[in-house]
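Comments concern the structure below.
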Amino acid sequence: MKITEIRVIVSSPGRNFVTVKVITDEGLYGIGDATVNGRELAVVSYLEEHVIPCLIGRDPMQIEDIWQYLYRGCYWRRGPITMAAISGIDIALWDIKAKAANMPLYQLLGGASRSKIMCYAHAQGRSIDEVVEAVMAKKEDGYVAIRAQSGVPGFEGIYGIGSSKGEKNSRARIKNLPKEEVWSTEKYLPHIPKVFEKLRDVVGWDTHLLHDAHHRLTSIEAARLGKDLEPYRLFWLEDPVPAENPENYRLIRKHTTTPIALGEIFNTIWDARQLMEEQLIDYIRTTSVHAGGVTGLRRIFDFASVYGIRTACHGPSDVSPVAMGANLHIDLWVPNFGIQEFSGYREATHEVFPHAWSRDGGYLHPGEAIGHGVDIDEDLAAKYPYKRGYLPVNRLQDGTLWHW
Ligand code: KDG
Ligand code: MG
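Take 0 as the starting number for the sequence shown in numbering that gives the first Met the number 0 and just add one per residue.
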């Protein structure tokens, strides 16, 4: 079998997605996701100018060799753009291999280790009452695990979610540039335990509750928050501090038993190695589209299993239904599975990406279609042209640029 063509499809059915289609001389094709939210066209250029010409004529069955060729062979290792490009190709190649083997991808990985995949939904509100209402709506929809994000009194918007209104900013509004939001850790820290106290009162103890701090704290602040949240038994506290210095997590670990989840912006096993070896985290959040596809993710998750760390693939709406499909096949197989994030998609996104995966209440399943079971309707995709978009940026009240 030979690769004859690779197409990069950019489409915006609700938000921007970069999709890779690898076509072979035997009529089989595979689909991959290469979306990096807010930097989409950098990956398109990387693929079209530098990757695709090297792959035409190669055997798509040699997934590992192609992965190494694109990783080691480019000299400039790692980084979100390189790794998203590798991921897009790799997910498509695993799709082809599973189709050639006439089996769903999870069978090729080793078969199912469970019958269904627990996922968590997103719930958010500007006030505690709004958060409670949003969490209850998700619970009524059947979810057994829910991430709760709350607005902080005194600030507009809800931190850490893309749809936050943020401060009025004429530059952003006029030129379609990043929105600017305002942040105060002093106001956030005492507020969040009150949110979870109320949530436990109303929602009870049979629903897993999660919270994402979105890299906004220092280690000692995160240690305090983890401690203050202990009475409410969170499933996890996510991304408490940036992970450029993994040793920052040692201090958090010394002070709290609240479980820690990290890694949605990691690209390789090396980003997570020390955190896992020292058991500084409980859940690893890497996802197929950003961490080297099925090949990269499998390597990270196997390493995590050595240290008793469980998996929790990143799965917001900017991780396309294609990467979601790949994640779900890995989730069904991986022995050290923890949970899968699932924030849902707009109707237009479902239509552009027909998929075999499905949700039943609080659980997902990749389906039994051969390959990973997700396709792209290219004609429909063409009706949703790319629109430049950004994640917001965040500033402290004195104007200092902070973590978003
Ligand atoms: O593109 C970035 C978003 O996906 C991210 O902000 C969402 O933190 C996030 C999460 O946990 O889903
Ligand atoms: Mg997150």
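Virtual Cβ for every residue (Gly too), placed ideally from N, Cα, C.
*Taking just the CA atoms, how far does Gly314 sit from Thr286?*
Going by the C-alpha atoms only, they are around 7 Å apart.
*So what's Lys20 in DSSP terms, helix, strand or just coil?*
In the structure shown, the three-state DSSP call for Lys20 is strand.
*asked:* Tell me the DSSP secondary structure of Pro245 in three-state form.
replied: Residue state, collapsed to three classes: coil.
_Could you check whether Tyr389 and Pro177 sit closer than 7 Å to each other, using their CB atoms as the reference points?_
Yes; because the gap between Cβ atoms is below 7 Å, this pair is in contact.
*Grab the span of the beta strand (DSSP E) containing Trp182 for me, first residue to last.*
Trp182 -> beta strand (DSSP E) spans 179–182.
*asked:* Bridge partners for Phe336 per DSSP, in chain order?
replied: The bridge partners DSSP lists for Phe336 are Thr310.
*Could you tell me the boundaries of the alpha helix (DSSP H) in which Ser304 lies?*
Where Ser304 is concerned, the enclosing alpha helix (DSSP H) stretches over 292–305.
*Would you check whether the ligand SAM has a heavy atom nearer than 6 Å to the C-beta of Asn36?*
For the ligand SAM, the structure offers nothing, since it holds only the ligand KDG and the ligand MG.
*Within the same chain, show all residues whose beta-carbon is closer than 8 Å to that of Ala147, passing over the 5 residues directly before and after it, in chain order.*
Only residues of its own chain outside the window of five on either side were considered, and among them Ala122, Gln123, Val130, Ala133, Val134, Val194, Phe195, Leu198, Leu208, Leu209, His210 have a CB closer than 8 Å to the CB of Ala147, listed in chain order.
*asked:* Considering only their Cβ atoms, is the gap separating Val35 from Ala84 smaller than 7 Å?
replied: Not closer than 7 Å, so no.
*Look at the Cβ atom of Asp238, then the Cβ atom of Ala212, and state whether they are nearer than 7 Å.*
In this structure, Ala212 lies closer than 7 Å to Asp238 by Cβ.
*Any idea what DSSP makes of Cys118, helix, strand or coil?*
Strand.
*Is the distance from the Cβ of Leu363 to the Cβ of Leu331 below 7 Å?*
No.
*Look up Gln273 in the DSSP assignment and say whether it is helix, strand or coil.*
Gln273 sits in a helix when the DSSP states are folded into three classes.
*Is there at least one Cβ from chain D nearer than 7 Å to Phe16's Cβ?*
The structure shown contains no chain D; it is built from a single protein chain.
*Please state if the CB of Trp66 and the CB of Asp94 are separated by a distance shorter than 7 Å.*
Cβ atoms of Asp94 and Trp66: not closer than 7 Å.
*Mark Thr399 as exposed unless 16 or more other C-beta atoms lie within 10 angstroms of its C-beta, in which case mark it buried.*
Exposed, because fewer than 16 other Cβ atoms sit within 10 Å of the Cβ of Thr399.
*Bridge partners - Ile8, DSSP secondary structure assignment*: Beta-bridge analysis with DSSP links Ile8 to Thr18.
*Test item: CB-CB of Gly225 and Thr255 under 7 Å*: Closer than 7 Å, so yes.
*Is Glu166 helix, strand or coil when you go by DSSP?*
Reliability of the predicted coordinates at Glu166 is poor, the pLDDT of 45 falling under 50, and no value is obtained from them.
*Run through DSSP, which three-state label would Val35 get?*
Taken through DSSP and simplified to helix, strand or coil, Val35 comes out as coil.
*CB Val288 to CB Ile30, shorter than 7 Å?*
Their beta carbons are not under 7 Å apart, which means Val288 does not touch Ile30 by this criterion.
*Distance, Arg215 Cα to Arg394 Cα*: Arg394 and Arg215: Cα-Cα distance of roughly 11 Å.
_Quick check on the DSSP output: the beta strand (DSSP E) that includes Ile259 runs from which residue to which?_
Residues 259–261.
*With a threshold of 16 other CB atoms inside 10 Å of the CB of Ser126, please say whether the residue is buried or exposed.*
Residue burial is scored here from C-beta neighbours: Ser126 has fewer than 16 other C-beta atoms within 10 angstroms and is therefore classed as exposed.
*Would you check whether the ligand MG has a heavy atom nearer than 6 Å to the C-beta of Asp58?*
Exclusion of Asp58 from the 6 Å shell around the ligand MG follows from its C-beta lying no nearer than that to any non-hydrogen atom of the ligand.
*Return yes when the Cβ of Pro391 is within less than 7 Å of the Cβ of Trp403, no when it is not.*
Yes; because the gap between Cβ atoms is below 7 Å, this pair is in contact.
*Should Trp182 go down as buried or exposed, given a rule of 16 or more other Cβ atoms within 10 Å for buried?*
Counting Cβ neighbours within 10 Å, Trp182 comes out buried, since at least 16 surround it.
*Tell me whether Val405 is buried or exposed, calling it buried when 16 or more other Cβ atoms sit within 10 Å of its Cβ.*
No answer is possible for residue 405: the residues shown for the chain start at 0 and end at 403.
_I'd like the list of long-range same chain contacts for Ala368, defined as Cβ closer than 6 Å, with 5 residues on each side in sequence excluded._
Ala355, listed in sequence order.
*Return the residue from the list Met102, Gly324, Arg71, Arg284 that minimises the CA-CA distance to Arg358.*
Of the listed residues, the one whose Cα sits closest to Arg358 is Gly324.
*Grouping DSSP H, G and I as helix and E and B as strand, with all else coil, what is Ala368?*
Coil, per DSSP.
_Using a Cβ-Cβ cutoff of less than 8 Å, which residues in the same chain neighbour Ile55 once the five nearest sequence positions on both sides are dropped?_
Closer than 8 Å at the Cβ level, and outside the excluded window around Ile55, lie Ile2, Thr3, Glu4, Ile5.
_Ala347 (DSSP reduced to helix, strand or coil)_ = Residue state, collapsed to three classes: helix.
_Sub-7 Å separation of Arg309 and Asn335 beta-carbons_ = Yes. Within cutoff.
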